[in-house]
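Residue 90 in the working numbering is what sits at position 76 of the sequence shown, and the numbering runs on without skipping anything.
Ideal Cβ positions, reconstructed from N, Cα and C, are used throughout, including at glycine.
Given the structure is predicted, the values throughout are model-derived calculations rather than measurements.
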Amino acid sequence: MLYSIIDALQQSAVCINDILKKCNFDYLDSVNITGDSQLGVDVEANNIFKEFLLDLDAVRGVCSEEESDIVYKQDSSGVYLVAFDPLDGSSIVSSNLSVGSIFGIYNKEFSAKNLIASGYIVYGPRLEMVVAQDNVNHYFYSGEEWKNMGSLILNNKGKINSPGGTQKYWSTKHKILIESLFLDGYRLRYSGGMVPDLHNLLCKGGGLFSYPSTSDAPNGKLRALFEVFPFAFIFEKAGGEAIGSIGDSLHEGLSRILDLNIDSIHQSLPCFFGSKDEISKVKLAYK
Ligand code: P6P
Numbered sequence: 015m016l017y018s019i020i021d022a023l024q025q026s027a028v029c030i031n032d033i034l035k036k037c038n039f040d041y042l043d044s045v046n047i048t049g050d051s052q053l054g055v056d057v058e059a060n061n062i063f064k065e066f067l068l069d070l071d072a073v074r075g076v077c078s079e080e081e082s083d084i085v086y087k088q089d090s091s092g093v094y095l096v097a098f099d100p101l102d103g104s105s106i107v108s109s110n111l112s113v114g115s116i117f118g119i120y121n122k123e124f125s126a127k128n129l130i131a132s133g134y135i136v137y138g139p140r141l142e143m144v145v146a147q148d149n150v151n152h153y154f155y156s157g158e159e160w161k162n163m164g165s166l167i168l169n170n171k172g173k174i175n176s177p178g179g180t181q182k183y184w185s186t187k188h189k190i191l192i193e194s195l196f197l198d199g200y201r202l203r204y205s206g207g208m209v210p211d212l213h214n215l216l217c218k219g220g221g222l223f224s225y226p227s228t229s230d231a232p233n234g235k236l237r238a239l240f241e242v243f244p245f246a247f248i249f250e251k252a253g254g255e256a257i258g259s260i261g262d263s264l265h266e267g268l269s270r271i272l273d274l275n276i277d278s279i280h281q282s283l284p285c286f287f288g289s290k291d292e293i294s295k296v297k298l299a300y301k
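Written out as structure tokens, the structure reads:
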């Protein structure tokens with residue numbers, strides 16, 4: 015049953031990849047439920063995912079960054095719910111940087127404990143897809159078929175520092191943490207696209223990606239159901255860790271993201287993804 019969902023996501027990826035190669039990147043007059051401006055291709059990608067996924071018997075409903083509410087099928091016997099960010103990184107696609115789609119497959123309920131598989135698609139020099147279940151499997155599209163490139167595994171300690179959010183609004187402890195990694199020789203890799211930035215970490219053996227609570231965004235920016243939970247699942251399956259907090263992380267400790275509960279489907283949270291060594295440094299800095 016899960017295979018039919020992965021197959022539908024792969025077909026969606028090929029369609030969206032084709033559109034990205036040919037479309038203009040004009041903004042629409044509309045914004046989505048979280049107030050993000052929308053490109054025409056955001057809406058097209060959203061419709062492609064909905065069409066392929068809602069056509070499956072296994073799928074009972076979907077939840078998207080571009081939809082205000084969960085879209086349930088009438089009279090469905092399906093048990094799976096799919097949350098997705100159809101095109102993450104609209105703000106950088108007009109600069110022709112790599113962007114991506116993110117998905118999480120939930121069993122019966124949109125909650126971290128019910129997440130059973132997740133992954134993402136990278137629209138880059140090559141069309142690639144990563145799917146995490148027991149392992150983190152990496153594929154590329156040859157133009158005719160999806161070829162398995164093997165598994166992605168994180169080292170215990172990496173070399174990349176990928177710090178998100180506006181530095182002017184970072185807390186003092188976050189500034190000290192990020193600076194300490196640079197003083198330790200970590201390399202800055204940050205494009206502003208969650209998918210390519212985290213894919214880079216996974217492909218290059220690890221490090222730290224952070225999108226913290228900031229004074230201008232106390233609950234972070236990245237959304238739990240279709241961005242943070244899927245990547246938390248992926249990083250844990252790749253041998254790393256993912257921590258964050260629901261609420262004001264400036265004053266509360268950080269917890270394992272997949273133990274957290276959300277109050278609304280578009281809720282965002284501060285998040286840290288990385289190799290074990292770097293995540294232990296984050297826990298210390300935020301103690
Ligand atoms: P900032 C893209 O808009 C996005 O949602 C993620 O893909 C990315 O990680 C983040 O925002 C970048 O945000 O504030 O660092 O530019």
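Residues near L67 by beta carbon distance below 6 Å, same chain, minus five either side:
If we look at L67 and ignore the five residues flanking it on each side, its Cβ neighbours are A22, V73, V76, V96.
Using CA atoms only, rank isn't needed, just tell me which of F249, A59, I276 is closest to K290.
F249
Assigned exposure category for L215 - 16 Cβ within 10 Å defines buried:
buried
Indicate whether D211 and G178 have their beta-carbon atoms separated by less than 9 Å.
yes
Starting from the Cα of V107, find the closest Cα among N170, N175, D56, I130 and give me that residue.
D56
Exposed or buried, which one is F196 when buried takes at least 16 other CB atoms within 10 Å?
exposed
Does any heavy atom of the ligand P6P sit closer than 8 Å to the C-beta of M208?
M208: yes, Cβ under 8 Å from the ligand P6P.
Under the three-state reduction of DSSP, which class applies to M208: helix, strand or coil?
Looking at M208 - three-state DSSP - the assignment turns out to be helix.
Assuming I257 and I293 are in contact, meaning their beta carbons sit under 8 Å apart, how far apart are those beta carbons, in whole angstroms?
6 Å
By alpha-carbon positions, which one of E58, K295, V93, L283 ends up nearest to K36?
E58
Beta-carbon separation of S176 and L222 under 9 Å?
yes
Should D305 be counted as a contact of the ligand P6P given a C-beta to heavy atom distance under 8 Å?
Here the chain comprises residues numbered 15 to 301, so residue 305 is not present and cannot be evaluated.
Cβ-heavy atom distance, Y225 to the ligand P6P, below 8 Å:
The answer is yes for Y225.
Note down, in chain order, each residue of its chain lying with its Cβ closer than 6 Å to the Cβ of F63, except the 5 sequence neighbours on either side.
Closer than 6 Å at the Cβ level, and outside the excluded window around F63, lie S26, F98, P100.
For the alpha helix (DSSP H) containing A22, list its first residue and its last residue.
16-36
Which of helix, strand or coil does DSSP assign to L197?
When secondary structure is reduced to three states using DSSP, L197 falls in the helix class.
Would the C-beta of T186 count as close to the ligand ZN, meaning under 8 Å from any of its heavy atoms?
Because the ligand ZN does not appear in the structure shown, any question about it cannot be addressed here, the ligands present being the ligand P6P.
Would DSSP call I271 helix, strand or coil?
helix
Between I84 and E241, which are expected to be in contact by the criterion C-beta below 8 Å, what is the C-beta distance as a whole number of angstroms?
With a beta-carbon spacing of about 16 Å, I84 and E241 fall beyond the 8 Å limit used to define contacts.
For Y153, which residues from the same chain have a beta carbon less than 7 Å from its beta carbon, with the 5 sequence-adjacent residues on both sides left out?
Excluding positions up to five away in sequence, the list reads E142, M143, W160, K161, N162, M163.
Do you know whose CA, among N46, G199, G92, K182, lies nearest D230's CA?
With distances taken between Cα atoms, D230 lies closest to K182.
Would S224 pass as a contact of S259 if the rule is Cβ separation under 9 Å?
no
Supposed close pair S282, G206 - CB separation, criterion 8 Å
Actually they do not touch by this definition, with Cβ atoms about 16 Å apart.
Heavy atom of the ligand P6P within 8 Å of L168 beta-carbon:
no
Can you tell me whether DSSP reads Q320 as helix, strand or coil?
Any property of residue 320 remains undetermined from this structure, which presents the chain solely from 15 to 301.
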